[in-house]
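So the sequences go chain by chain: G and P.
If you count by this note's numbering, then the first sequence holds residues 1 to 254, one letter each, in order.
If you count by this note's numbering, then the second sequence holds residues 1001 to 1641, one letter each, in order.
The structure appears right after this line, and notes come after that.
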Amino acid sequence: MSSKTINIIVKIWRQNGPLAKGAFEEHALKDISTDSSFLEMIDVLNEWLTIKGLEPIAFDHDCREGICGMCGAVVNGTAHGPDKETTLCQLHMRRFKNGDTIVIEPFRSQGFPIVKDLIVDRSALDRIIAAGGFVSVNTGSPQDGNTILIPQHVAEQAMDAAACIGCGACAAACPNGTPMLFLGAKVSQLALLPQGQLEAKKRAINMVLQMDKEGFGNCGNERECENVCPKGITIRNIARLNREFLKASFTIDH
Amino acid sequence: MQLDAKIPEGPIAEKWDKCRFSNKLVNPANKRKYEVIIVGTGLAGASAAATLGELGYNVKSFCIQDSPRRAHSIAAQGGINAAKNYQGDGDSIFRLFYDTVKGGDFRAREANVYRLAQVANNIIDQCVAQGVPFAREYGGTLANRSFGGAQVSRTFYARGQTGQQLLLGAYSAMMRQVSTGKVKMYTRREMMDLVVVDGVAKGIIVRNLVTGEIEKYSAHAVVLATGGYGNVYFLSTNAMASNVTAAWRSYKRGAGFANPCYVQIHPTCIPVHGEFQSKLTLMSESLRNDGRVWVPKAKGDKRHANDIPESERDYYLERKYPSFGNLVPRDVASRNAKQACDEGNGIGETGLGVYLDFADAIKRDGLDVVMRKYGNLFHMYQKITDSDPTKEPMQIYPAIHYTMGGLWVDYHLMTTVPGLYATGECNFSDHGANRLGASALMQGLADGYFVLPYTIGNYLATVPPVPTSTNDPAFEAAANEVKEQVNKLMKNTKSGKGGQTVDHYHKELGKIMWDYCGMARKKEGLEYALKRIPEIRAEFWENVVVPGSGQELNQSLERAGRVADFLEFGELLVRDALNREESCGGHFREESQTEENEAKRDDANFSYVAVWEYKGQGTAPELHKEPLTFEYVIPSQRSYK
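What follows is the structure in structure tokens.
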């Protein structure tokens, strides 16, 4: 951890509410430690704005260790910034050079109305889960965990899908603004496991219907989503979602 | 304040059965007439919301984030304990109970811990049924790993993301209830006060974080699942929004606060890098299964770790604790790291760090195997530090992680305010003075899935099933107090006054807390902190600058409210630490140590839960004691040698 500092310029999106007109604001930042995280750089900017009597940038963030899925912005055109498989909070300033200009915008998608500055409303993702992203089992006395045997490689594949943090970067990166990688991840996790079989058809159909209702687009195989996914979730999961959806459309018992 | 723990009579293994049988029941047709407020959607809150919804209650669930899935339980890495004994290595409910009571340094309630160990097995079954992708053996059975403070392998895990997977299980169960309408979800709401009517909890006041509106909600019972208060130290492994406000406001409304000085300092975190650092990142304790902790034998040795030969390294945990080695409990590991650094053997630029080395594990098991177990943790470490743990040892240092103290609750998880419950990290009940690894997930889910749903009915059965309302003047009065506080915090806005930001005061408080009430505490330091904290608080209220307005999304204002409460709560934490003149678990008083620098308990004088009662602004809180008695695990000097 050898620390040095850089001077940068940030062009950052300001928008005071969903219907307000937004615009970029430019700030020069001096002596940013390269060991700082990207969000710590915004912290520094906000402290400075506050002292100047100006309003700090509103941005979502919480765990700052890349797992809660709360943070996210488009940095120089890429959701979560330039590093592969990295959330914005885990992006570090050593990735930038002295004199760089960094453009920061909110995640944009039809289904994510802007709340303020970099904060967007991703509650559509919760409604999609509520439409079917679960196994209907009440709390009580289920059978012993080891009575459901799951081959290791299947458990691992399910885990690969389950790693989704629900950040919404997939929808922000997609030209069609679709969170199908998000849906694919949940549908895959449960389609791979025996526990998810009973409701597989209903799940695939209801989650996709809800997605449509939220105003998101559809997958056009551009693969931008897997490119920005901080958890490395592949579009194989979208393929599985499509198979599950098709299968269900033909065979569901109404 | 009356402290009646309501622990059922009889042998320990029968207490929970007895309690469940003697509890009054609410008949299924009446359940739909009751409303329950649950604040927080982490493991404890989401599991309780899901289960109460399934039972037929109407749940109002609140969270501070944009989605209930973000709660900080999600960041737990290592695993969850249960006494399944799948490995056939001698585990049992009694052993899990025994290890947890001992690990807590004999400062937890035996009955609660036994119940925790009893229901732990159900948790695993429940989570498997939900589709939580736990790690599996080749034959398809559930896999286990070892954790600190235990000599059996009883920890279930989903890679290094166990908290995430368990939380998503509870979250999806809760979202299923949202879709049925049994749970109504309120996101981006922060609880600002508890409403007590005639001595009974009847509702809460929240701030809508998007509109700034102060909103009132009523219910037949209120459950706090609002997590821990580690952020009183500013730097901790907690999420940025984790705070004490809900618990603290409830304390000021009559809920006793128990053992606030019991703070867990996690031994394996990434060391501090600079003054703009906003949080500390934990590296799972599971790393100590294969990683070896060491420092150079020579003081101030500045050579690169890889250039220091084996004979010049001190694997101090293995040397001092041959039977547990690197898997000693967290408090012991943290204290030893501090000691090594205090003695001048610390590593890194600041000298505040020790090595955690995987070279031997890689040599023994191969890089593949090691990466399969810890790949995501190594990845995260490299992101943050720019150093590859497969090529050079990790640098780690202890950091504030978990708070064992919290609102006092009885065996039913009810606080001293009737109708107010506290679950998960927010209560004090199960971990004593030190929590063992993989026990937090166990407790959060035990409380939410398997304890509260049984005990809350016993209370609700005594409350008439009539609709609730926010008409009582107590709601208006509490809401007005919240509005007044917002105005007070905003008084310097646009006044041209050259004050300081919220973070400035938070850092100042955090530094006092860490320096004088951190890993080692002594009388003089604690007294100094007790003098300094009110000074910082006064300065904060005088000079803090909060930009923007109260009637909109205002993150500075949110933080200001939290820091205002930390500035009051920190004082109580220090007061509790000063009162407890013994060392136990995470609470190390320098005056009370054995010849070998281990924590020295004083069972004759301190075998009690310290419960603090609020006595009004400017008046010292009153200390009440719940004596702790041990019938099954006889207190002894903990030894991990």
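Backbone N, C-alpha and C fix where the C-beta goes; we use that ideal spot for every residue, glycine too.
- Its Cα nearest to that of K11(G), the residue A73(G) stands out among A20(G), M207(G) and A73(G).
- Within chain G, P142, G145, I148 and Q195 have C-beta atoms less than 8 Å from the C-beta of V1128(P), given in sequence order.
- Counting every other CB atom within 10 Å of its CB across the protein chains shown gives I1634(P) a total below 16, marking it as exposed.
- Remark: C-beta atoms of T1415(P) and G1256(P) approach each other more closely than 8 Å.
- Shown here for A1246(P): same chain residues with a beta carbon closer than 6 Å to its own, the five before and five after excluded, namely V1039, M1191, L1224 and T1226 in chain order.
- Contact check for G1163(P) and L1441(P): beta-carbon distance about 6 Å, within the 8 Å limit, so the pair qualifies.
- Just measuring C-alpha positions, the residue of L181(G), K30(G) and A158(G) sitting nearest C170(G) is L181(G).
- Annotation for L125(G): no beta strand (DSSP E) segment contains it, though the alpha helix (DSSP H) segment containing it runs S123 to A130.
- Interface flag for P175(G) against chain P is unset, since no Cβ pair is found closer than 8 Å.
- In summary, the residues of the region 97 to 118 of chain G whose CB is separated from some CB of chain P by less than 7 Å are V115 and K116, in the order they occur in the chain.
- For F1276(P), at least one C-beta of chain G is nearer than 8 Å to its own C-beta.
- Beyond the five residues adjoining it in sequence on each side, A158(G) comes within less than 6 Å, by CB distance, of Q189, L192 and L193 in the same chain, given in chain order.
- Put simply, the backbone Cα of D1357(P) is about 10 Å away from that of I1396(P).
- When rounded, the separation of the alpha-carbon atoms in L1282(P) and V1272(P) is 11 Å.
- At a cut-off of 8 Å between beta-carbon atoms, L246(G) makes no contact with chain P.
- Using a CB distance cut-off of 8 Å, I67(G) counts as an interface residue toward chain P.
- DSSP places F1094(P) within a helical segment (H, G or I) once states are collapsed to three.
- Counting only runs of 4+ residues, the alpha helix (DSSP H) found wholly inside the region 224 to 249 of chain G occupies 224 to 228, in chain order.
- When C-beta atoms of the region 214 to 231 of chain G are compared with those of the region 1076 to 1086 of chain P, fewer than three pairs fall below 8 Å, so the two segments do not count as touching.
- Within the DSSP secondary-structure output, I1456(P) pairs in no beta bridge.
- Distance between T1041(P) and L1168(P), taken at the CA atoms: about 11 Å.
- The DSSP assignment places 1245 to 1252 as complete runs of the alpha helix (DSSP H) inside the region 1218 to 1282 of chain P, in order along the chain (cut-off: 4 residues).
- DSSP places D31(G) inside the beta strand (DSSP E), whose first and last residues are A23 to S33.
- By the rule that beta-carbons nearer than 8 Å mark a contact, A1046(P) does not touch chain G.
- The C-beta of N1471(P) has fewer than 16 other C-beta atoms within 10 Å across all chains shown, which makes the residue exposed.
- Counting other Cβ atoms within 10 Å of its Cβ, V1119(P) reaches 16 or more and is therefore classed as buried.
- Taken atom to atom, the span from the alpha-carbon of V1369(P) to that of G1140(P) is near 18 Å.
- In this structure, Q195(G) lies near A1129(P), with their beta-carbon atoms less than 8 Å apart.
- One thing to note: P1322(P) has its Cβ no nearer than 8 Å to the Cβ of L1436(P).
- Inter-residue distance for T5(G) and V1295(P) is about 29 Å (C-alpha atoms, whole angstroms).
- Inclusion of V44(G) and F1276(P) in the CB contact set at 8 Å is warranted, their separation being smaller than that value.
- Q1500(P) is bridged by DSSP to V1544(P).
- Among the CB atoms of chain G, one or more fall inside 8 Å of the CB of R1136(P).
- Counting the other Cβ atoms within 10 Å of the Cβ of S1429(P) gives 16 or more, which makes it buried.
- The alpha-carbon of A1529(P) is positioned some 10 Å away from that of L1578(P).
- The beta carbon of C1063(P) lies closer than 6 Å to those of T1041 and T1187 in the same chain, with the five residues before and after it left out.
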